[in-house]
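J.:
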Amino acid sequence: MRTAVVGHVEWVEFARVERVPSAGDIAHALDWWEEPGGGGSVAAVQLQKLSGDCTFYTALGKDTVGKRAHLELEALGPRVEAARRSAVTRRAVTFIDPSGERTITTLGERLQPNESDPLPWNELAQTDAVYFTAGDLGALAAARRARVLVGTSRVLDVLAQADFPLDAVVGSARDPSERYDPRALKRMPRLAVLTDGANGGRWVTADGRRGTFRVPPPSGGVVDTYGGGDSFAAGLTYALGARLGVEDALALAARCGAACVAGRGPYAAQLTAAELP
């Protein structure tokens with residue numbers, strides 16, 4: 063199965079702390095590391111692990127961080143097609159508290175791929191499933207050439223411009239940055255999913271069917287919630303591309319989210335094809 067992600071990269075410095083510092087406070091890291099992150103990166107690696115074939119359409123700065131992110135992402139599996147920008151690659155600092163909750167501060171502008179970038183957009187017409195996390199309307203239209211297109215409500219402003227439906231939109235019932243408002247869209251997605259962390263979430267289809275789903279408890283407990291939501295969305299993208307029904311697709315997506323949060327960082331514990339039924 064051929065998959066793709068159209069989206070963004072952030073170079074993330076992680077710090078595990080006893081508590082997230084309050085104003086004027088100093089927190090000492092118990093553990094720290096850095097690696098490429100951001101919704102696009104996490105989803106691309108998860109899709110690669112599930113499908114064995116994922117292309118990541120993105121944009122990176124010409125700086126050292128951008129070059130390092132490109133190399134490390136490809137080492138994690140996906141083929142990376144990156145437009146190069148004169149701007150610096152976006153960075154982020156992420157605190158992980160004892161409960162595994164992540165708190166993120168981004169540094170710099172988000173770089174996104176655009177239709178005008180010399181990327182192999184034509185290949186999307188031969189792609190089974192695409193997850194969209196960042197890009198302009200032209201990039202979204204290019205992604206729509208795939209058989210299945212899933213988008214995140216983080217870019218609702220771009221989705222709202224589209225005069226074509228997505229197969230699914232994934233939003234959050236609790237995170238304001240991932241608010242989903244169907245009234246903003248010209249065309250309703252075939253499936254809308256609102257996640258609620260460990261509580262699972264709810265879904266509704268364009269023809270009026272609706273329901274809820276649960277998330278299995280992470281094996282060994284929650285270690286780090288960074289990347290759980292994007293692993294969920296990647297799992298849903300894969301499952302819809304594999305022609306699973308809504309409830310089975312959401313069950314697989316929930317497994318992906320639960321697997322991710324059981325590991326250190328977004329990639330260590332992601333679900334693999336070998337773990338599928």
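Using my numbering, count along the sequence shown one by one with no gaps and you end on 339.
Even glycine gets a Cβ: it sits at the ideal position worked out from N, Cα and C.
In the DSSP output, what is leucine 256 paired with across the bridge?
T.: By one-based count along the sequence shown, residue 256 stands at place 194. Partner(s): Gly233, Arg264.
J.: Buried or exposed: where does serine 84 fall if 16 or more other Cβ atoms within 10 Å of its Cβ makes it buried?
T.: Position 22 of the sequence shown holds residue 84. Exposed, because fewer than 16 other Cβ atoms sit within 10 Å of the Cβ of serine 84.
J.: Compare the C-alpha of glycine 233 against each of Lys248, Ala204, Asp292, Gly102 and name the closest.
T.: Indexing the sequence shown from 1 puts residue 233 at position 171. That would be Asp292, whose Cα lies nearest to the Cα of glycine 233.
J.: Examine the Cβ distances between the stretch 281-296 and the stretch 310-320 and report whether three or more of them are shorter than 8 Å.
T.: A contact exists between the stretch 281-296 and the stretch 310-320.
J.: Thinking C-beta only, is valine 79 closer than 8 Å to alanine 89?
T.: For the purposes of this step, residue 89 is identified with residue 27 of the sequence shown, where counting begins at 1. For the purposes of this step, residue 79 is identified with residue 17 of the sequence shown, where counting begins at 1. Yes.
J.: Under a Cβ-count criterion, where at least 16 other Cβ atoms within 10 Å of its own Cβ denotes burial, should serine 239 be classed as buried or exposed?
T.: Indexing the sequence shown from 1 puts residue 239 at position 177. By the neighbour-count rule (16 or more Cβ atoms within 10 Å), serine 239 is not buried but exposed.
J.: So, using beta-carbon positions, are arginine 207 and alanine 187 closer together than 8 Å?
T.: Stepping through the sequence shown from its first residue, residue 207 is reached at position 145. Stepping through the sequence shown from its first residue, residue 187 is reached at position 125. The answer is yes: Cβ separation under 8 Å.
J.: Alpha carbon to alpha carbon, how far is glycine 128 from alanine 230?
T.: Locating residue 128 in the sequence shown gives position 66, where the first residue counts as 1. Locating residue 230 in the sequence shown gives position 168, where the first residue counts as 1. Whole-angstrom Cα-Cα distance: 30 Å.
J.: Can you tell me which of the three DSSP states phenylalanine 226 falls into?
T.: Here residue 226 corresponds to residue number 164 of the sequence shown, with the count starting at 1. Of the three classes helix, strand and coil, the one that applies to phenylalanine 226 here is coil, per DSSP.
J.: Considering only C-alpha positions, which residue in the set Arg236, Pro227, Ala301, Gly162 is nearest to alanine 246?
T.: Here residue 246 is taken as the residue at index 184 of the sequence shown, counted from 1. Nearest C-alpha to alanine 246: Pro227.
J.: Please tell me whether threonine 299 and valine 210 are closer than 8 Å, where the distance is taken between their beta carbons.
T.: Working through the sequence shown from its first residue, we reach residue 299 at position 237. Working through the sequence shown from its first residue, we reach residue 210 at position 148. Yes; because the gap between Cβ atoms is below 8 Å, this pair is in contact.
J.: Applying the criterion that 16 or more other CB atoms from any shown protein chain within 10 Å of the CB defines a buried residue, is isoleucine 158 buried or exposed?
T.: Here the question's residue 158 lines up with position 96 in the sequence shown. Flag for isoleucine 158 reads buried.
J.: Counting only the same chain and skipping the five closest in sequence on each side, list residues whose C-beta sits under 8 Å from that of alanine 224.
T.: Looking up residue 224 in the sequence shown gives position 162. If we look at alanine 224 and ignore the five residues flanking it on each side, its Cβ neighbours are Leu199, Leu202, Ala203, Arg206, Leu247, Lys248, Arg249.
J.: DSSP state of aspartate 292, grouped into three classes?
T.: Position 230 of the sequence shown holds residue 292. If DSSP states are grouped into helix, strand and coil, aspartate 292 belongs with the helices.
J.: Around the C-beta of leucine 173, are 16 or more other C-beta atoms found within 10 angstroms, so that it is buried, or is it exposed?
T.: Mapped onto the sequence shown, residue 173 falls at position 111. It counts as buried.
J.: What separation, rounded to the nearest whole angstrom, lies between the Cα atoms of alanine 336 and glycine 86?
T.: Within the sequence shown, residue 336 is the residue found at index 274, counting from 1. Within the sequence shown, residue 86 is the residue found at index 24, counting from 1. Straight-line Cα distance between these residues: approximately 47 Å.
J.: When you compare only the Cα positions, how much space is there between alanine 315 and serine 113?
T.: Here residue 315 refers to the residue found at position 253 of the sequence shown. Here residue 113 refers to the residue found at position 51 of the sequence shown. Going by the C-alpha atoms only, they are around 14 Å apart.
J.: Could you tell me which residues DSSP pairs with arginine 141 in its beta bridges?
T.: Here residue 141 refers to the residue found at position 79 when the sequence shown is read from its first residue. Arginine 141 is bridged to Thr117.
J.: Could you tell me the boundaries of the beta strand (DSSP E) in which leucine 211 lies?
T.: As a working note, residue 211 is residue 149 in the sequence shown. 210-214 is the span of the beta strand (DSSP E), which, as asked, contains leucine 211.
J.: How far does the alpha helix (DSSP H) with arginine 78 in it reach, from first residue to last?
T.: Here residue 78 is taken as the residue at index 16 of the sequence shown, counted from 1. Premise fails: arginine 78 lies in the beta strand (DSSP E), 72-79, not in any alpha helix (DSSP H).
J.: Could you tell me the distance, in whole angstroms, from the CA atom of glycine 100 to the CA atom of leucine 138?
T.: Locating residue 100 in the sequence shown gives position 38, where the first residue counts as 1. Locating residue 138 in the sequence shown gives position 76, where the first residue counts as 1. Rounded to whole angstroms, glycine 100 to leucine 138 spans 14 Å at the Cα level.
J.: Starting from leucine 66 and walking both ways along the alpha helix (DSSP H), at which residues does that stretch end?
T.: Here residue 66 refers to the residue found at position 4 when the sequence shown is read from its first residue. The sequence shown places alanine at residue 66, rather than the leucine named in the question. Unbroken run through alanine 66 is the beta strand (DSSP E), 65-68; no alpha helix (DSSP H).
J.: By the three-class DSSP mapping on this structure, what secondary structure does aspartate 93 have?
T.: On the sequence shown, position 31 is the one that residue 93 refers to. If DSSP states are grouped into helix, strand and coil, aspartate 93 belongs with the strands.
J.: Is DSSP giving leucine 135 helix, strand or coil here?
T.: The sequence position of residue 135 within the sequence shown is 73, counting from 1. Helix, per DSSP.
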